[in-house]
Structure formats: C-alpha cells, structure tokens
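To start, the structure itself, in structure tokens.
Numbering (this note's numbering), first residue to last: -7 to 46.
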C-alpha cells in the first residue's frame, strides 16, 4: 500500500523515501527537497575543493 507524502497538506502519493530525513515524499516535493539539499551542499563542496587546492 502506498504512503501519503509527508508534507503537511499534500494529498499526493509518495514516490520515494528520502534516506537523509526518512520522509516519504511525492515526486514534486522530492524534487523540491533535492534542490534544497543541493543548494546547501554545493557551496560546501566548493569550499572543500578550495581548501584541497591550498
């Protein structure tokens, strides 16, 4: 049986489980969540790469 999306007010069926936060998310919120995580991780990766170049 399918799980509902974990986002409050969303009536969509979940399509994936986020392994970072353990939330069942519909495809719309999964993409939104992925974009948010990438926007937080990319600057960190850039900083790590800069430190590695020293």
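Glycine included, each C-beta is placed from N, C-alpha and C at the ideal position.
Residue 25 lies in the alpha helix (DSSP H); which residues open and close that run? 19 to 44
How should residue 12 be labelled, buried or exposed, when 16 other C-beta atoms within 10 angstroms of its C-beta is the threshold for buried? exposed
By Cβ distance below 6 angstroms, which residues in the same chain neighbour residue -3 in space, the five residues on each side in sequence not counted? 4, 6, 17, 18 and 21
Would you mind working out which of 38, 8 and -5 sits nearest residue 24, comparing C-alpha positions? 8
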